[in-house]
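Counting along the sequence shown from 1, when you hit position 5 you're at 3 in the numbering used here, and nothing is skipped either side. Glycine included, C-beta positions come from ideal geometry on N, C-alpha and C. Since this is a predicted model, take the numbers as computed values, not measurements. To keep things clear, I will list the structure first and then write my remarks on it.
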Amino acid sequence: MPTGYILVNCTLGSEEKIINEIAKLPDVKEVRGTYGVHDIFVKVKSDNTESMNHVITNKIRKITGITSTVTLVVIEEQGGKG
């Protein structure tokens, strides 16, 4: 089951609306507002990489107010605490 972390940038003031919208997506396991370079942190777990790609590309990245994303896909065989 692939895991991805998505770092989201969005327009000023749209954070809460975007967080609420992302939280409704079934593959999203965690979504939080953050301080720093990125505005929102999203953890996604999907049944397969195709499904994860669909959620990121066709759901998350198309939300109005999102200006950019950075996606980190976990290497399941490396590390692992928790």
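Distance between residue j and residue i (C-alpha atoms, nearest Å)
i     : j     : result
Ile61 : Lys43 : 19 Å
Ile54 : Gly34 : 22 Å
Glu75 : Thr69 : 18 Å
Asn18 : Thr65 : 17 Å
C-beta contact flag for residue i and residue j at 9 Å
i     : j     : result
Ile4  : Thr47 : no
Asp71 : Met50 : The question names Asp, yet the displayed sequence has Val at residue 71. For Val71 and Met50, yes; Cβs fall inside 9 Å.
Ser52 : Val6  : With the sequence shown as reference, residue 52 is identified as His, and Ser is not the correct amino acid for it. Taking 9 Å as the Cβ cut-off, His52 and Val6 do not qualify as a contacting pair.
Three-state secondary structure (DSSP) of residue i
i     : result
Glu19 : helix
Glu28 : strand
Residue from the options with nearest C-alpha to residue i
i     : options             : result
Val26 : Gly77, Ile64, Thr1  : Thr1
Thr9  : Gly31, Ile54, Leu23 : Gly31
Lys57 : Phe39, Leu23, Lys41 : Leu23
Identified DSSP bridge partners for residue i
i    : result
Tyr3 : Lys41, Leu70
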